[in-house]
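Below is one structure, written out as structure tokens; comments come after it.
2 protein chains.
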Amino acid sequence: MQAPNPSPLDSARERFRADLVDAGLLIPTAVPGLYGRSGVLESIIDAVDARIRRAGAGAHGSTARVLRFPPVYPREAFDRTDYIASFPNLTGSVATFRGDDRAHAELLATRAEGGDWDHFLEPAGTMLVSAACHPAYPTLTGTLPEEGALLDVYGYCFRHEPAIDPARLQAFRMHEFVRVGTPEQARAHRESWLPRALSVLTELGLDAVAAPANDPFFGRAGRMLASNQRTAELKTELLVRLYGDLDEGTAVVSCNSHQDHFGSAFGIDTADGAVAHSACVGFGMERIALAMLRTHGLSVEHWPAPQRALLAVG
Amino acid sequence: MQAPNPSPLDSARERFRADLVDAGLLIPTAVPGLYGRSGVLESIIDAVDARIRRAGAGAHGSTARVLRFPPVYPREAFDRTDYIASFPNLTGSVATFRGDDRAHAELLATRAEGGDWDHFLEPAGTMLVSAACHPAYPTLTGTLPEEGALLDVYGYCFRHEPAIDPARLQAFRMHEFVRVGTPEQARAHRESWLPRALSVLTELGLDAVAAPANDPFFGRAGRMLASNQRTAELKTELLVRLYGDLDEGTAVVSCNSHQDHFGSAFGIDTADGAVAHSACVGFGMERIALAMLRTHGLSVEHWPAPQRALLAVG
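Each protein sequence line maps, in turn, to chains A and B. Counting from 1, one number per residue, gives the positions in the first sequence under UniProt numbering. Counting from 1, one number per residue, gives the positions in the second sequence under UniProt numbering.
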């Protein structure tokens, strides 16, 4: 993974990764960006989640509908998101074996000779979930009530971007609060969650700043989409500096306005018959946990008292 | 999905599925076997897990190493498990787009014409996790200490077996305690967990029975493997009858002896230099939750007091 002359940033990422592995917090696998998590890392993630749920309850009471999706969802819904147009390189499509005994024997013979056996597989009709909220939109197809919809979704996401940076994982968890309704409802959701998410991070002892951002749209055409998204201020990220001045910081929370993208794609209308708008706040769970480890140290026993207390109550 | 003349068992499965969907506990998707989970269903799963963790602590204190893996793991490790030889039809392989702007434009043009675009994708080097313990074995390669290894793993598993039965999911969670060591250590683990798992189920108010079982090995050759596994008593399942006398019951827990399969595949030796044996107990989390809903009713407020109390404390 390491270039012959790594940049200072790459070296810092590599060191942080090595420190996390040495501390037993991340368990490396043969593939960059895929790790096992230790019990301690999981307990940090659970403690972070308890704070996020409390912020959600403070903002919305018990009005947010809790939905939990598995890490795999229908190709048909994926297709509607248009994700393959914007982020094909991050996509995870699921293939499986649908053949008979004879085809299986051929697959095994090819494999025994060291050959590639992927061409024996066929699409399984499913995709890995790219963003926690994607599987939720099909549940809203139709006309929303006056107050719109408010969802609490939490699940594993997949993005194929192997990297040495331990904060850039191929599989990670995202906890989102999603608002679908009028443009005003969506805008108010996003605007209210920016300071609220910032105060969650402050409580976790993280020094975060808000910054306009764009998604990593693919290719030449993608550069224009990214520029448009930034100009229209559709995405704001909360950044924590894991690597000092070597970069602008790592996005640990993202507040997004989707305008009518999902409303249009999934046939979701507001009570007055317009195409619904949506907005979400997404907490990157592993990134927040890693930011706490970077900020407070790798030994949770030596963390500042307020953050140790968060871990104790879970 | 429904045959023209469904069997009484299929009708019972279809009705249970419809009841769960009507109660808002399972949220259907366009693909059989993939569902969203409601907050109530998740709270049942968390309560079940609390009992499992308590049983684990009672048996092992804090000696079990907690490891949590994402739902995707390296192809290289998958390949060593030999799963593709025994269960090719359940496998989930991950593909992604690795091409350039031009190939992407071709993909999108094909898609715009309604064509299949899978042939533009390439293997991503990863697989969906088939059993929660599979990603853990590569962490044990080498020589074990005298006392062997004891792991607590919990995660999402994928099996491509679309079905109308809500207890047969394509993506589900499994909590396992895995012992790797001498044949005696592995055997003792499996034997001690059978009654312990049964008592967990009893506490959950489930009427479970132990039965010899076999894995669903693929194809003609697989029938012999299945028969051998059953004869050698390598797999015992705890069954709960979700559908009365219409079948033998649904396996909600599985106690498995792997003999030296994983020790040999992953180069794991005992302290005295022999190939390590392994055994595991696996709790099917969604199946246990569904068995509770089937047994105690779909309204948790009307559950028997002891099970309601489990939910309250989480």
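For each residue, glycine too, the CB sits at the ideal point set by N, CA and C. None of these values were measured; they are calculated from a predicted model.
Thinking just about the alpha-carbon of each residue, which of the options is nearest to the one in residue i?
| i | options | result |
| --- | --- | --- |
| A/Leu311 | A/Ala30, A/Tyr35, A/Gly39 and A/Asp19 | A/Gly39 |
| B/Tyr137 | B/Thr110, B/Arg230, B/Ser264 and B/Arg17 | B/Ser264 |
| A/Tyr35 | A/Val94, A/His104 and A/Asp165 | A/Asp165 |
| A/Ala85 | B/Asp101, B/Ala95, B/Leu290 and B/Val94 | B/Asp101 |
| B/Ser130 | B/Met174, B/His119 and B/Gly99 | B/Met174 |
| B/Asn214 | B/Arg230, B/Phe283 and B/Ala221 | B/Arg230 |
| A/Val281 | A/Glu184, A/Ala132, A/Ala23 and A/Tyr243 | A/Ala132 |
| A/Leu242 | A/Pro4, A/Arg17 and A/His160 | A/Arg17 |
| B/Phe218 | A/Thr295, A/Thr81, A/His104 and A/Gln307 | A/His104 |
| B/Arg179 | B/Asn228, B/Ser227 and B/His258 | B/His258 |
| A/Val275 | A/Gly148, A/Pro4 and A/Ala50 | A/Gly148 |
| A/Gln307 | A/Ser7, A/Pro4, A/Ala47 and A/Asn5 | A/Ala47 |
| A/Ala309 | A/Asn5, A/Ser43 and A/Gly222 | A/Ser43 |
| B/Gly244 | B/Phe283, B/Ser192 and B/Arg294 | B/Arg294 |
If you draw a straight line from the C-alpha of residue i to the C-alpha of residue j, how long is it?
| i | j | result |
| --- | --- | --- |
| A/Pro162 | B/Glu146 | 37 Å |
| residue 379 of chain B | B/Phe158 | Residue 379 of chain B is absent from the structure shown; chain B starts at 1 and stops at 314. |
| A/Arg68 | B/Glu286 | 12 Å |
| B/Thr139 | B/Tyr73 | 13 Å |
| A/Pro123 | B/Asp116 | 10 Å |
| B/Leu198 | B/Val300 | 22 Å |
| B/Leu121 | B/Glu106 | 12 Å |
| A/His154 | A/Phe172 | Here residue 154 of chain A turns out to be Tyr, not His, going by the sequence shown. Cα-Cα distance, rounded: 11 Å. |
| A/Asp260 | A/Ala279 | 9 Å |
| A/Leu206 | A/Glu14 | 22 Å |
| A/Gly125 | B/Ala112 | 18 Å |
| B/Ile27 | B/Arg37 | 6 Å |
| A/Leu41 | B/Asp10 | 43 Å |
| A/Asp82 | A/Pro183 | 21 Å |
| B/Gly24 | B/His302 | 16 Å |
| B/Phe262 | A/Thr110 | 23 Å |
| B/Asp269 | B/Ser62 | 24 Å |
| B/Ile52 | A/Pro212 | 45 Å |
| B/Ser227 | A/Phe97 | 23 Å |
| B/Pro8 | A/Ala167 | 51 Å |
| B/Asp49 | B/Ser192 | 19 Å |
Tell me whether the beta-carbon of residue i lies closer than 8 Å to the beta-carbon of residue j.
| i | j | result |
| --- | --- | --- |
| A/Ala64 | A/Thr143 | no |
| B/Val253 | B/Leu201 | yes |
| B/Pro88 | A/Tyr156 | no |
| A/Gly181 | A/Met127 | no |
| A/Gly56 | A/Phe177 | yes |
| B/Pro135 | B/Ala77 | yes |
| B/Ala289 | B/Ile45 | yes |
| A/Ala12 | A/Leu246 | yes |
| B/Leu239 | B/Glu248 | yes |
| A/Ala30 | B/Ala95 | no |
| B/Leu150 | B/His60 | yes |
| A/His160 | A/Leu90 | yes |
| B/Phe266 | B/Arg80 | yes |
Using the rule of at least 16 other Cβ atoms within 10 Å of the residue's Cβ for burial, across every protein chain shown, is residue i buried or exposed?
| i | result |
| --- | --- |
| B/Asn256 | buried |
| A/His277 | buried |
| B/Glu237 | buried |
| B/Met224 | exposed |
| B/Asp152 | buried |
| B/Gly114 | exposed |
| B/Pro32 | buried |
| A/Thr141 | exposed |
| B/Val66 | buried |
| A/His119 | exposed |
| B/Ala251 | buried |
| B/Gly297 | exposed |
| B/Arg220 | exposed |
| A/Arg54 | exposed |
| B/Val209 | exposed |
| B/Gly273 | exposed |
Using a Cβ cut-off of 9 Å, which residues of the region 272-299 of chain B contact any Cβ in chain A, in chain order?
-> Residues of the region 272-299 of chain B whose Cβ lies closer than 9 Å to any Cβ of chain A: none.
Any residues in the region 155-171 of chain A with a beta carbon nearer than 7 Å to a beta carbon of chain D? Which ones, in chain order?
-> Here the protein chains are A and B, and chain D is not one of them.
What residues from the region 21-35 of chain A come within 7 Å of chain B, judged by C-beta to C-beta, listed N to C?
-> For the region 21-35 of chain A, residues whose beta-carbon sits nearer than 7 Å to a beta-carbon of chain B comprise Ile27, Thr29, Ala30, Val31 and Leu34.
Chain-ordered residues of the region 124-150 of chain A with a beta carbon less than 9 Å from chain B = Here the close residues are Ala124, Gly125, Thr126, Leu128, Pro135, Ala136, Pro138 and Thr139.
Give the residues from the region 83-95 of chain B that approach chain A closer than 8 Å (Cβ to any Cβ), ordered along the chain.
-> The residues in question are Ile84, Ala85, Pro88, Asn89, Leu90, Thr91, Gly92, Ser93, Val94 and Ala95.
Near-chain A residues of the region 213-229 of chain B (beta-carbon distance less than 7 Å), N- to C-terminal order | Of all residues in the region 213-229 of chain B, Phe218, Gly219 and Arg220 have a Cβ within less than 7 Å of some Cβ in chain A.
Check distances from the C-beta atoms of the region 56-71 of chain B to those of chain A and list, in chain order, the residues that come in under 8 Å.
-> So the close ones are Arg65, Val66, Leu67, Arg68, Phe69, Pro70 and Pro71.
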